[in-house]
Structures are given as C-alpha cells and as structure tokens.
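Have a look at the structure below before the remarks.
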Amino acid sequence: MRLALIVEYDGTVYGGYQYQNNAPSIQEELEKAITRLTRENTRVSGAGRTDAGVHALGQVVVFDTKVEYPPETFVKALNHYLPDDIAVREAYRVDPGFDPRRMARSRLYIYRMYTGATRSPLIRRTTYRVGAGLKLKRMRRAARHLVGVHDFAEFAGPLEWPDASTVREIFEARIRSKGDEITMEIEGNAFLPHQVRRMAGALVDVGFGRLSPSEVLAMVDRRPGAAVARSLPPHGLCLSRVNYANFPPKVGA
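What follows is the structure, encoded as structure tokens:
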C-alpha cells in the first residue's frame, strides 16, 4: 500500500529535506524510522525540498510498504523511532498514483520576523529578529506586486537544472502583524530555490526604506538595472501547508 504522512520538523540541525552525503536530512531520518518499523528498505517522496535550516509544519511525504498496519499505528510507531525534532502528525492510505509533489495545487510558506528591542531566546530557532521600524503599509504595497504569474528568476538561487523554467504563480502574499511578530505568508503553485527568502528580504528592505515598492515591481518585471533581492536567513521560514484537490480525505469519506 501507499501511505501519505503529514510531517512537522525543526530543520535547524539538518542540511535540508532531501537526502545528502555530507549532512543529516529529514528524508534520511524518515527512511531510517520506516525501515526500523517495517524491516523494508524504503524511499520516501516529499511535496517540497526545504533548504538547510528551514522548518515545516505540513510537509507531505509518501512511501510504499507491504506492512498492513492501520495509519494510526504508523503515526505512533514512527514517532517512537524518529528524533525529537521530527514528528509524524497524521497518516493516510492513498491511491498508488498519489504524487505529493506533482499533484500539489499550492504550497503555503510563512516567514516569521521578530521586532522586539532585545533578542528572544525562546523563538530564536524559528523566527528572524529584524528589529523595530518596519513600515507595514509599504511592505503590503510591495507584496501586491508579487501576486500573479511572473518570471521569478531575479528571486531564485542556483537552479538544479539551469534551463528549467523560472515562471511561477503566486496566489497570495500577505503581511500580518501581532505584537512583536510580523509574518509574511506566501502561497503559490510552486517555488524556486531561495525564492521565498528573497521575497522576504525584498519586502523587509521596503519596510526599512532601503527599497521602494516600485523597485520590487522592477525585480518582478526583470527590468535592466533592477535591484537584487537579498535572501533572509533560513530559520525564519516554515512550509506551513501543502494543498491538494482530494487530500487529506474528509472525515467519513
């Protein structure tokens, strides 16, 4: 059977989601836990490849197994074998053809920023301290320029395939504020490497007056001489949710 997991993790000590030879990865830890439980050598496939230091609340992964445990048994057993900074939140049986990456309709990323006068040790692993003085109205005006179908090459880090398309669609770009925390929420059909962190960097520069909203539009339009978006640190970024047409199944379905 094919099983889909919704996974939460603190990415601080990992080199990213994807398996690699020179650093621990989320994929590696999930596969080790599944192998310990099922005694099968298993590969998992994820909805997105979060970078080193990036977190997730709703990463979706699938794997195939011949072990017929109920999904709730997989949740409990895998959490027993996983390290404390990775947890399976939910598990579902899915059709054999379910592909978490190709079938995703959208992905929601949240970048968290802290504006307090002093550092906050309790949130330091998940929130980037920017300091006070951000102008939220300016940031919201600039964020509107990100929405739509655009070539986001100016916001991309190095691509795995240099000839790959850099056109993506952003459905929503929201700036929220509560107390000393500001969050940037970006929902799109898919994202380029470092794209969300560079968007966040551009909006922070707008908030501090280092860039204007129109300069962000120039980046989106790829105008000659446009400013270069800087990338904010990875620890403020979280893959919050991946959306599908028919997953997770509705209660009683």
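Per this note's numbering, the very first residue in the sequence shown carries number 1115; after that it's consecutive. For each residue, glycine too, the CB sits at the ideal point set by N, CA and C.
For residue i, the three-state DSSP class (helix, strand or coil)
i, result
"Leu1369", "The shown model of the chain, from 1115 to 1367, leaves out residue 1369, and the question about it has no answer."
"Val1189", "helix"
"Leu1117", "strand"
"Ala1256", "helix"
"Glu1182", "coil"
"Met1217", "coil"
"Ala1205", "strand"
"Asp1199", "coil"
"Ala1341", "coil"
"Gln1173", "strand"
"Arg1243", "strand"
"Phe1266", "coil"
"Gly1315", "helix"
"Thr1156", "coil"
"Gly1321", "helix"
"Asp1310", "Per the sequence shown, residue 1310 should be read as Val rather than Asp. Of the three classes helix, strand and coil, the one that applies to Val1310 here is helix, per DSSP."
"Val1281", "strand"
Backbone CA spacing between residue i and residue j [nearest angstrom]
i, j, result
"Ala1201", "Ala1147", "11 Å"
"Leu1151", "Tyr1195", "8 Å"
"Tyr1133", "Pro1197", "16 Å"
"Arg1290", "Tyr1225", "10 Å"
"Arg1376", "Ile1296", "Nothing can be reported for residue 1376, as the shown portion of the chain is limited to 1115 through 1367."
"Lys1180", "His1264", "43 Å"
"Asp1178", "Val1208", "10 Å"
"Val1356", "Arg1219", "8 Å"
"Ala1137", "Gly1167", "12 Å"
"Gly1118", "Arg1203", "Here residue 1118 is Ala; the residue named in the question, Gly, does not match the sequence. So the alpha carbons of these two residues sit roughly 11 Å apart."
"Arg1215", "Ala1278", "16 Å"
"Arg1319", "Val1261", "Before going further, note that residue 1319 is Asp rather than Arg in the sequence given. One C-alpha to the other measures close to 18 Å."
"Pro1122", "Glu1274", "Residue identity check: residue 1122 is Glu in the sequence provided, not Pro. Answer to the nearest angstrom: the Cα atoms are 25 Å apart."
"Asp1199", "Lys1190", "15 Å"
"Gly1247", "Thr1126", "28 Å"
"Met1115", "Tyr1242", "41 Å"
"Arg1324", "Leu1250", "14 Å"
"Ser1326", "Gln1173", "34 Å"
"Arg1336", "Thr1156", "43 Å"
"Glu1299", "Leu1192", "30 Å"
"Val1175", "Ala1205", "10 Å"
"Leu1171", "Thr1229", "23 Å"
"Glu1142", "Tyr1131", "8 Å"
"Asn1303", "Leu1236", "32 Å"
"Met1227", "Ala1267", "25 Å"
Buried or exposed (CB count within 10 angstroms, at least 16 for buried), residue i
i, result
"Arg1311", "buried"
"Arg1252", "buried"
"Ser1328", "exposed"
"Gly1293", "exposed"
"Pro1348", "buried"
"Ser1161", "Note on residue identity: the sequence assigns Ala, not Ser, to residue 1161. Buried, because 16 or more other Cβ atoms sit within 10 Å of the Cβ of Ala1161."
"Ala1287", "buried"
"Ala1231", "exposed"
"Leu1351", "buried"
"Gly1103", "Because the chain spans 1115 through 1367 in this model, residue 1103 falls outside it and cannot be assessed."
"Glu1186", "exposed"
"Val1281", "exposed"
"Val1342", "exposed"
"Glu1154", "exposed"
"Ala1367", "Reliability fails at Ala1367, whose pLDDT of 40 lies under 50, so the model's placement of it is uncertain and the value that follows must be treated cautiously. Exposed, since its Cβ has fewer than 16 Cβ neighbours within 10 Å."
"Gly1211", "exposed"
Own chain residues within Cβ distance below 8 Å of residue i, not counting five before or after
i, result
"His1308", "Asp1165, Phe1269, Ala1270, Gly1271, Ser1345"
"Ala1359", "Met1217, Arg1219"
Same chain only: Cβ atoms within 6 Å of residue i, ignoring 5 sequence neighbours per side
i, result
"Ala1340", "Ala1332, Met1333"
"Leu1222", "Glu1301, Ser1354, Arg1355"
"Tyr1128", "Pro1138, Ser1139, Ile1140"
Near the ligand FAD: residue i beta-carbon under 8 Å from a heavy atom
i, result
"Arg1163", "Within the structure as shown, the ligand FAD is missing, as the structure has no ligands at all."
Chain C within 9 Å of residue i, Cβ atoms only
i, result
"Asn1357", "The structure shown contains no chain C; it holds only a single protein chain."
Other residues of its chain near residue i: CB distance less than 7 Å, five sequence neighbours each side excluded
i, result
"Arg1254", "Ile1289"
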